Structure formats: structure tokens, C-alpha cells
Amino acid sequence: MKFAKNILCIGAGYVGGPTMAVIAAKCPDYKVTVVDINAERIRAWQTDELPIFEPGLLEVVQAARGRNLFFSTDIAAGIRSADIIFVSVNTPTKTFGHGAGMASDLQYWEKTAHEIEKYADGPKIIVEKSTLPVRTAEAMEHILQENKKGIHFEVVSNPEFLAEGSAVSDLLDPDRVLIGSRQSGPGLQAAQEIAAIFSRWVAKDRIITTNLWSAELSKLVANAFLAQRISSINAISALCEKTGADVGEISFAVGSDKRIGSRFLNASIGFGGSCFKKDILNLVYICRSYGLDEVADYWQAVVKMNEYQQERFVRMVIKEMFQTVVGKKVVLLGFAFKANTGDTRESPGIHVARKLLEERARLVVSDPQALENARKDLAGLAGVEYETDPYRAAVDAQAIAVITEWDVYKKLDFVRIFASMRKPAFVFDGRNILDHQQLFNIGFNVFPLGKPSLTHFK
Ligand code: UDX
Ligand code: UDX
């Protein structure tokens with residue numbers, strides 16, 4: 022079959038895979054190919070054991086795969102036949118050299134730019150999907166202009182705002198699609214071509230076009246604002262614990278103000294995920310490199326507060342269990358950085374586990390989807406067991422620490438769990454998802470976040 026357009030995506034990860042599956046589903050006349058250097062990942066995309074867990078994703082993939090959605094490791098062929106190339110390779114925080122721990126590591130990004138330049142034999146639109154420092158498109162343009170074949174490349178920025186665990190619904194019904202381009206004739210035309218893809222299923226007024234730098238920076242700013250709300254409410258949770266106020270009631274009261282809104286005001290053990298910390302540190306680094314130290318300090322505090330919250334949670338566990346967890350069995354209920362994903366990147370669970378192991382606790386990590394990743398994150402550490410079934414995990418344990426807000430945990434039979442645990446039994450609810458009064462009535466000593474604790478100690 023002849024397709025109207027060939028779309029290529031380089032990078033078959035959490036962003037590239039679901040985004041291309043939805044584009045393929047919505048644009049059956051476009052051929053969508055996803056390539057990756059990781060052959061194992063590509064193989065998994067070709068099976069029904071997808072490399073990532075996302076509700077609803079398998080159905081979308083199955084509907085389009087083999088029809089107009091293809092997964093391949095042949096990057097060169099993919100580049101040659103593509104009209105539009107989405108680049109969705111990872112851009113982690115640099116771990117070495119100048120800017121280590123702050124700046125984005127752009128080596129994969131640059132390598133991809135060189136590959137496009139090398140293999141392309143005709144004009145193409147290059148779409149930045151990966152989150153990048155503002156003005157990265159300029160570097161991409163410089164590399165692509167090196168080509169001696171007289172080929173014109175137009176670079177546009179189309180940052181992805183999907184959240185893990187809800188990627189498919191976010192893609193099908195996005196709050197907005199953002200497309201940044203050069204404000205020249207070819208730049209505006211390229212932006213229109215990308216807009217035409219999304220306008221198949223997204224209302225026109227939700228497709229925002231801006232200049233390139235605004236689009237690049239908007240992604241960093243959106244994540245910084247979301248993370249800032251969590252750090253703000255987490256900061257208040259500490260104050261609640263000192264004053265007898267209830268952070269849940271505060272979130273509700275404050276969030277009822279339409280100007281503030283209710284979302285992203287859940288106090289937690291801290292935010293995780295591959296984006297928030299990385300993107301804020303990147304923003305901080307950019308601000309510092311422009312000499313804007315006050316601006317950098319302001320945003321850096323969001324990350325600092327997140328570290329404080331995770332540390333505070335561990336300290337609470339140790340303090341309330343009579344200042345020692347040596348030899349005590351503690352269950353981590355959940356290890357993913359949020360519910361409905363198996364992803365554990367930057368999960369607060371990693372910090373909590375490491376700290377409790379340093380204190381010589383014995384850990385049982387339980388999670389419906391994330392145990393494979395948890396094993397990698399905690400590889401080489403002694404004193405950890407892994408158990409999918411929460412009931413088995415809790416046998417002989419002295420404490421339960423809720424790390425991830427999985428719905429299944431709300432429905433557990435805590436009478437049964439309590440009966441199998443050692444006494445006194447503790448619950449530390451790092452997500453405030455359980456019924457604390459009910460747990461107390463069963464016999465648990467309950468320590469929520471930012472709410473009065475409920476204990477049986479006189
Ligand atoms: C994406 C974005 O790329 C990142 O910038 C954003 O901040 C978060 O979302 P994500 O999809 O989560 O990252 O990353 P990952 O799941 O690691 O996928 C990236 C893929 O690119 C990997 O499968 C990797 O093998 C592939 N890759 C990397 C290439 O194909 N070529 C490379 O040169 C490097
Ligand atoms: C985020 C952005 O939401 C998304 O737009 C962007 O494209 C990528 O980064 P993601 O990291 O997948 O998405 O998940 P998100 O739902 O934003 O949650 C991030 C972290 O914040 C999780 O650890 C979550 O548990 C935590 N969180 C969220 C809270 O602690 N409290 C809240 O109220 C909301």
C-alpha cells in the first residue's frame with residue numbers, strides 16, 4: 022500500500038512508543054515506523070509483551086501494528102524513507118564533567134542528529150520530542166546544515182506532555198499540543214504539517230503554535246510548575262504534623278479556589294519519575310549559565326524540598342519504631358514512582374529502601390508491576406526480598422510503608438494482614454491512601470503524612 026506520508030520516530034521508549042502508536046491509530050494513511058538502537062526493546066514492541074506497561078496501550082498497538090505501525094532497528098533505512106522524523110531518544114541528567122548532576126546529557130541527541138545528516142537523501146522535518154534545554158534546536162540545525170547534499174531540514178519542537186500511567190488517554194485527549202517553529206515561511210509550513218497530524222483528533226484551539234524557544238522552554242516550565250505544587254504541599258505537610266492541621270483538608274480548602282485548582286496538591290513521600298527532577302535541574306543549570314542565580318536558587322528549592330520529604334519519611338519510620346529498625350521486617354507497599362506504571366526511575370522507594378537497609382532493616386518490596394525494575398535498582402543490596410502478593414509480603418513484618426498509590430492497596434483486607442504481622446504493628450502511609458481510622462481500629466499504629474498520627478501507645 023502507498024502511504025500519504027512516512028513518519029519515523031527514533032527512540033522507542035515511554036514517550037516514542039505510545040505517541041507513535043496513537044498517531045498510527047489516528048492516521049491510517051500515514052506509515053509510522055519506530056526505530057531504536059535497543060534490539061531487545063524493538064522485539065518486545067513486536068510482541069504482546071510490550072516493553073512498557075501502560076493501561077490501554079496494547080489495544081492501540083495491536084490495532085495498528087503491521088498495518089501502518091512498524092518497529093525496526095534499521096535506523097538508516099528509516100531515515101531515508103521518512104518525510105517527518107520525531108526524535109525521542111533519552112536526554113538524562115549528565116553524570117560526568119561540566120554540569121554533572123544538573124545539565125542534560127545530549128550525547129544521544131547529537132549522535133541522532135549526525136545520523137540524520139548522514140543518511141538523509143531528501144528534505145525532512147525534524148521534530149524534537151525529547152525534552153531539551155532551550156535553544157537545542159539551534160544546535161540540531163547547525164549539525165544538519167553540515168550536509169553537503171543541499172538538503173533542507175526544518176527543525177520544530179513538539180514537546181510531549183503525557184504522564185506515565187495515563188499515556189494513552191493523555192495522547193487521545195491532550196489539554197494541548199504545542200508546536201514551536203522558526204517564524205520563517207518554511208518554519209511555519211513545517212509547524213502546519215505537524216499540526217495537521219494532530220488535528221485528526223485534537224480540536225484546533227488546543228493546538229498551540231509558538232516560536233521554537235518558547236516551545237522548548239514551555240516543557241521545562243510545565244514540569245517545574247507541576248513539581249513546585251507538590252513540593253509546596255509537601256512543605257506544608259511537615260508544618261501540619263507540628264500543628265495538628267490536616268494536609269488533606271488543607272489541599273481541599275486551598276484547591277477549591279478556582280484560581281489555584283485541586284490537582285497536583287496531594288502530599289506524598291515525594292515526586293519521582295524520569296522528568297521532574299531532571300527537567301528542573303536542567304532549568305536551574307540554564308538559569309545559572311545565564312547568570313540568573315536568584316532564579317536558579319528559586320527552582321532548585323523545589324528539588325531540595327523533594328529530597329527533604331523523602332528523608333523526613335525515612336526518619337519518621339525509624340523514630341516511631343523506637344529509634345531502631347535493626348532486624349525488623351518492613352514491607353514497602355509499592356515501588357513504582359506512581360500508580361499504573363512499572364517505571365521506577367527516581368522513585369522515592371529507591372531512597373527509602375537504601376536508607377532502611379543502611380539502618381539494617383529487612384525489606385520486602387511488593388508491587389504489582391515494578392518488581393523487575395526494583396530488582397535492578399536494589400541489585401547487590403543484602404536484606405531485600407521481592408513479593409508480588411501483599412498478604413505474603415506482610416507475614417511476620419513489623420511495619421508497612423506505602424510508597425505507591427496503587428488502587429489495589431486501598432482494598433486490602435487489613436484485618437488479615439494485621440493478624441499475620443508482629444506487634445506492635447505500624448503503617449506509614451506515604452501516600453495517604455488508606456483509611457487511617459479503620460487501620461487504627463484494627464490495631465495498627467498509623468502514621469500518615471501531614472495528619473495527626475493514631476497510636477495505641479499511652
Ligand atoms: C523521553 C524523552 O526522550 C526525554 O527527553 C523526556 O524527558 C522523557 O521522555 P523516555 O521515552 O522516557 O524519554 O526515554 P526512554 O524510555 O529511555 O526511551 C528512549 C529510547 O531511545 C530508548 O529505548 C533508547 O534505546 C533509544 N535510543 C537512545 C536510541 O534509539 N538511540 C540513541 O542513540 C539513544
Ligand atoms: C510528568 C508530567 O505530568 C508530564 O506532563 C510530563 O510529560 C512528564 O512528567 P509523569 O512523571 O509521568 O509526568 O507523572 P506525574 O503524574 O506528573 O507524577 C510525577 C510524580 O509526582 C509522581 O511520583 C507522583 O506520584 C507525584 N505526585 C503527583 C504527587 O506526589 N502528588 C500529586 O499531587 C501528583
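Residue numbers (my numbering): 22 to 479.
Just so you know, even glycine gets a beta-carbon here, dropped at the ideal spot from N, CA and C.
Please read all numbers here as calculations on a predicted model, not as lab measurements.
Exercise. To which residues of the same chain is A317 closer than 6 Å at the C-beta, ignoring the five residues directly before and after it?
Worked result: V305, C308 and R309
Exercise. Would S109 be called buried (16 or more neighbouring beta carbons within 10 Å of its own) or exposed?
Worked result: buried
Exercise. Residues in its own chain within less than 8 Å of D428 by CB, not counting five upstream and five downstream?
Worked result: A360
Exercise. Is G32 near ligand 1, going by C-beta to nearest heavy atom under 8 Å?
Worked result: yes
For this session: Using the Cα positions of T114 and G122, report the straight-line distance between them to the nearest angstrom.
Result: 6 Å
Exercise. Is it right to say Y35 is buried, meaning 16 or more other beta carbons lie within 10 angstroms of its own, or is it exposed?
Worked result: buried
Exercise. Grouping DSSP H, G and I as helix and E and B as strand, with all else coil, what is K26?
Worked result: strand
Problem set entry | Inter-residue Cα distance where the pair is H119 and A440 | 54 Å
Problem set entry | Per-residue DSSP class, three states only, for D318 | helix
Problem set entry | Coil, strand or helix - E406 by DSSP | strand
For this session: Return the CA-CA distance between T476 and R413, expressed in angstroms with no decimal places.
Result: 25 Å
Exercise. Which residue from G291, V189 and S289 puts its Cα closest to that of E80?
Worked result: V189
Exercise. For D364, which of helix, strand or coil comes out of DSSP?
Worked result: coil
Problem set entry | First through last residue of the alpha helix (DSSP H) which encompasses G276 | V268 to G276
Exercise. So what's G201 in DSSP terms, helix, strand or just coil?
Worked result: strand
Exercise. Just reading off the alpha helix (DSSP H) that V436 is part of, what are its end residues?
Worked result: F435 to S441
Problem set entry | Beta-carbon gap between A374 and L402 smaller than 9 Å | yes
Exercise. Ligand 2 heavy atoms versus the CB of P369: any closer than 8 Å?
Worked result: yes
Exercise. N244: beta carbon under 8 Å from a heavy atom of ligand 2?
Worked result: yes
Problem set entry | Every unbroken alpha helix (DSSP H) within the segment 195-266, with a cutoff of 4 residues, ordered by chain | 206-219 and 233-264
For this session: Using three-state DSSP, classify E75 as helix, strand or coil.
Result: coil
Exercise. Would the C-beta of R62 count as close to ligand 1, meaning under 8 Å from any of its heavy atoms?
Worked result: yes
For this session: Return the CA-CA distance between D275 and G77, expressed in angstroms with no decimal places.
Result: Looking at the sequence provided, one finds Val at residue 275 rather than Asp. If you take the alpha carbons of V275 and G77, they lie about 33 Å apart.
Exercise. Is R156 near ligand 2, going by C-beta to nearest heavy atom under 8 Å?
Worked result: no
Exercise. Can you name the start and end residues of the alpha helix (DSSP H) that N287 belongs to?
Worked result: Neither: N287 is in no alpha helix (DSSP H) and is coded neither H nor E.
Exercise. Tell me which same chain residues have a C-beta within less than 6 Å of the C-beta of R383, skipping the five on either side of it?
Worked result: K350 and G404
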